[in-house]
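Some notes on the structure that comes next.
There are 2 protein chains.
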Amino acid sequence: MTTKTKHHHGDLKNALVKAGLALLDEEGLEGLSLRKCAAKAGVSHAAPAHHFGNLAGLKGAIGFEVFTIFSKYMQDAAAREGDSDIARLKGICRGYVQFGIDHKSWLDVMFGIAPAEIAKLRGDLGDSNSYQVLRQACAPFVPEGVEPHIVEFQVWSLIHGYTQLFLSGRLNQGEVTQIDDGPFDQVMALLDRLAPS
Amino acid sequence: MTTKTKHHHGDLKNALVKAGLALLDEEGLEGLSLRKCAAKAGVSHAAPAHHFGNLAGLKGAIGFEVFTIFSKYMQDAAAREGDSDIARLKGICRGYVQFGIDHKSWLDVMFGIAPAEIAKLRGDLGDSNSYQVLRQACAPFVPEGVEPHIVEFQVWSLIHGYTQLFLSGRLNQGEVTQIDDGPFDQVMALLDRLAPS
DNA sequence: ATCGTATCTTTACAGTGTAAAGTTTGCATT
DNA sequence: AATGCAAACTTTACACTGTAAAGATACGAT
Numbered sequence: 001m002t003t004k005t006k007h008h009h010g011d012l013k014n015a016l017v018k019a020g021l022a023l024l025d026e027e028g029l030e031g032l033s034l035r036k037c038a039a040k041a042g043v044s045h046a047a048p049a050h051h052f053g054n055l056a057g058l059k060g061a062i063g064f065e066v067f068t069i070f071s072k073y074m075q076d077a078a079a080r081e082g083d084s085d086i087a088r089l090k091g092i093c094r095g096y097v098q099f100g101i102d103h104k105s106w107l108d109v110m111f112g113i114a115p116a117e118i119a120k121l122r123g124d125l126g127d128s129n130s131y132q133v134l135r136q137a138c139a140p141f142v143p144e145g146v147e148p149h150i151v152e153f154q155v156w157s158l159i160h161g162y163t164q165l166f167l168s169g170r171l172n173q174g175e176v177t178q179i180d181d182g183p184f185d186q187v188m189a190l191l192d193r194l195a196p197s
Numbered sequence: 001m002t003t004k005t006k007h008h009h010g011d012l013k014n015a016l017v018k019a020g021l022a023l024l025d026e027e028g029l030e031g032l033s034l035r036k037c038a039a040k041a042g043v044s045h046a047a048p049a050h051h052f053g054n055l056a057g058l059k060g061a062i063g064f065e066v067f068t069i070f071s072k073y074m075q076d077a078a079a080r081e082g083d084s085d086i087a088r089l090k091g092i093c094r095g096y097v098q099f100g101i102d103h104k105s106w107l108d109v110m111f112g113i114a115p116a117e118i119a120k121l122r123g124d125l126g127d128s129n130s131y132q133v134l135r136q137a138c139a140p141f142v143p144e145g146v147e148p149h150i151v152e153f154q155v156w157s158l159i160h161g162y163t164q165l166f167l168s169g170r171l172n173q174g175e176v177t178q179i180d181d182g183p184f185d186q187v188m189a190l191l192d193r194l195a196p197s
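Line by line, the protein sequences are chains A and B.
Going by this note's numbering, the first residue of the first sequence is number 1, and it counts up by one from there.
Going by this note's numbering, the first residue of the second sequence is number 1, and it counts up by one from there.
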């Protein structure tokens with residue numbers, strides 16, 4: 001446990017990001033503020049500026065943290081569904097929705113950041129882990145002579161759109177607390193037709 | 001032209017919504033504020049409260065206005081692409097992306113509102129125009145004995161996800177100023193396989 | 001002409017982001 | 001151990017924003 005002296009928190013950068021994640025779960029995107037993060041981390045409101053510059057910088061750091069957590073989450077989802085190629089792909093899609101259910105506002109922050117900014121933090125956009133999970137899961141469905149990202153973009157568009165519409169209650173009545181398996185499977189049936197038969 | 005007396009704008013509700021739409025195009029979602037809308041409409045910062053209650057209420061009204069404009073836009077897109085069922089469906093999808101390119105922040109406001117709120121303003125969710133356009137365009141692709149909304153949700157998920165990812169620069173490099181026809185057609189090729197063959 | 005309600009304006013306050021000046025601490029150097 | 005510098009904060013200040021309350025003006029009904 002880091003010892004905090006009067007002017008030296010010790011691990012404030014991390015603490016602020018963690019505070020941000022907690023606030024997002026507690027109060028949503030609109031409840032996230034620089035001062036609340038600072039208060040939660042036990043420092044004055046101006047302390048974050050030294051590490052992040054401003055609120056946009058802090059959001060960038062939070063978004064990147066979500067990116068990292070999400071990547072690991074998707075890797076686990078892929079590893080869990082090993083039965084077949086299509087089961088793995090659908091398992092990843094299900095994981096995408098589940099992550100959104102568990103942390104809707106985290107996704108909002110992550111997708112509110114320009115990809116160039118995540119790339120800057122990541123150092124290599126093309127090797128981003130969650131995208132790599134998608135790429136590997138889609139690989140079996142890419143017809144010969146076809147650019148892999150065509151199928152990747154089809155899948156990503158479908159699942160991202162479904163997640164956004166479902167989480168915002170546009171595909172269903174009532175509060176979203178879990179995946180509606182029936183409707184989910186029905187929409188994801190389109191994944192059975194990724195490659196022309 | 002409405003004559004504005006000292007304490008009576010005449011059509012402030014409309015003016016504030018219009019001001020909001022303009023601000024969204026000029027400064028994006030983060031540049032939208034109650035005070036800026038009021039200033040643009042030529043009234044004091046507290047005037048909107050009488051009509052909308054608060055900022056959330058004003059956003060709701062702006063979102064509903066976008067909903068109305070978008071519905072007409074989609075109706076026009078559907079009418080324009082009359083060649084075949086699939087051409088019409090793809091034309092609507094293309095219109096969805098184009099609308100987002102033209103007014104990204106308008107979509108952000110519209111999708112930031114709970115559908116129950118739009119329903120309250122609309123009076124009948126199931127009859128919402130843009131959804132009706134989607135429904136009619138999807139109808140030819142619904143297999144016998146299948147619930148229509150399954151295909152509708154597949155199409156909506158795909159095009160909504162594509163629009164969001166494309167507009168935020170996750171599917172392409174550089175600034176988004178127009179639809180990339182090649183990539184768009186490649187992703188929308190999935191629409192050719194809506195019904196099992 | 002009068003009255004009540006609608007439609008504003010003005011004043012005030014809390015929360016927020018950012019900036020600048022100041023203080024404290026850790027670490028490197030001597 | 002002493003010193004100095006930069007890092008890592010705190011404090012103070014200000015502008016912007018949302019909201020609320022009190023007050024002023026205007027419209028429409030009677």
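Glycine included, each C-beta is placed from N, C-alpha and C at the ideal position.
Interface flag, residue i vs chain A, CB-CB below 9 Å
| i | result |
| --- | --- |
| VAL133 of chain B | no |
| VAL142 of chain B | no |
| PRO115 of chain B | yes |
| GLY161 of chain B | yes |
| SER157 of chain B | yes |
| SER168 of chain B | yes |
| ALA78 of chain B | no |
| VAL176 of chain B | no |
| ILE69 of chain B | no |
| GLY126 of chain B | Low per-residue confidence applies at GLY126 of chain B: pLDDT is 49, beneath 50, and the placement is therefore not dependable, though the value from the model is reported in the following sentence. Closer than 9 Å: no. |
| GLN98 of chain B | no |
| ARG215 of chain B | In the structure as shown, chain B starts at 1 and stops at 197, and residue 215 of chain B therefore has no counterpart that could be examined. |
| PRO183 of chain B | yes |
| GLN75 of chain B | no |
| VAL187 of chain B | yes |
| PHE153 of chain B | yes |
| LEU16 of chain B | no |
| LEU121 of chain B | no |
| LEU171 of chain B | yes |
| LEU89 of chain B | no |
When the options are compared against residue i, the one with the closest alpha-carbon
| i | options | result |
| --- | --- | --- |
| GLN186 of chain A | B:PRO183, B:ALA195, B:GLN186 and B:ASP185 | B:ALA195 |
| GLN132 of chain A | A:ALA78, A:CYS37 and A:PHE52 | A:ALA78 |
| GLY169 of chain B | A:SER157, A:ALA116 and A:ASP25 | A:ALA116 |
| ALA39 of chain A | A:LYS120, A:GLU30, A:GLY53 and A:LYS18 | A:LYS18 |
| PHE62 of chain A | A:LEU29, A:LEU89, A:VAL97 and A:VAL151 | Residue 62 of chain A is actually Ile in this sequence, not Phe. For the residues A:LEU29, A:LEU89, A:VAL97 and A:VAL151, the minimum Cα distance to ILE62 of chain A belongs to A:LEU29. |
| HIS242 of chain A | A:LYS120, A:ASP25 and A:PHE99 | This structure does not reach residue 242 of chain A, given that chain A is present from 1 up to 197, and the question cannot be answered. |
| HIS51 of chain B | B:ALA15, B:ARG80, B:GLY82 and B:PHE70 | B:ALA15 |
| ASP85 of chain B | B:ARG135, B:ASN54 and B:VAL97 | B:ARG135 |
| LYS59 of chain A | A:TYR73, A:LEU34 and A:ARG80 | A:LEU34 |
| PHE259 of chain B | A:MET188, A:ASP76, A:LEU171 and A:SER44 | Because chain B in this structure spans residues 1 to 197, residue 259 of chain B falls outside the shown range and cannot be described. |
| LEU190 of chain B | B:ASP180, B:GLY174, B:GLN173 and B:VAL151 | B:VAL151 |
| LEU138 of chain B | B:ILE92, B:ILE69, B:GLY57 and B:ASP83 | A small fix is needed here, since residue 138 of chain B is Cys in this sequence, not Leu. That would be B:ILE92, whose Cα lies nearest to the Cα of CYS138 of chain B. |
| VAL97 of chain A | A:THR5, A:GLY174 and A:LEU167 | A:LEU167 |
| SER105 of chain B | B:THR5, B:LYS4, B:ASP11 and B:LEU32 | B:LEU32 |
| ALA119 of chain A | A:MET188, A:GLU65, A:PRO183 and A:ARG193 | A:GLU65 |
| THR68 of chain A | A:PHE184, A:ASP192, A:LEU121 and A:THR5 | A:LEU121 |
Residue i burial status per 10 Å Cβ neighbour count (16 or more: buried)
| i | result |
| --- | --- |
| GLN164 of chain B | buried |
| PRO148 of chain B | exposed |
| PRO143 of chain A | exposed |
| ASP108 of chain B | buried |
| SER157 of chain A | buried |
| GLN154 of chain A | buried |
| GLY42 of chain A | exposed |
| ALA87 of chain A | exposed |
| LYS90 of chain B | buried |
| HIS7 of chain B | exposed |
| SER44 of chain B | exposed |
| GLY126 of chain A | Caution applies to GLY126 of chain A, whose pLDDT of 49 falls short of 50 and renders its modelled position unreliable; the value that the coordinates give is listed next. It counts as exposed. |
| GLY95 of chain B | buried |
Paired residues, beta bridge with residue i - DSSP
| i | result |
| --- | --- |
| THR68 of chain B | Answer is none; THR68 of chain B lacks a bridge partner. |
| HIS8 of chain A | A:THR5 |
CB contact check: residue i to chain B, cutoff 9 Å
| i | result |
| --- | --- |
| LEU32 of chain A | no |
| ALA137 of chain A | no |
| GLU81 of chain A | no |
| ALA61 of chain A | no |
| VAL66 of chain A | no |
| VAL109 of chain A | no |
| LEU190 of chain A | yes |
| ILE150 of chain A | yes |
| GLU147 of chain A | yes |
| LEU24 of chain A | no |
| LEU165 of chain A | yes |
Whole runs of the alpha helix (DSSP H) within the segment 76-134 of chain A, excluding any shorter than 4 residues: 85-102, 104-111 and 115-122
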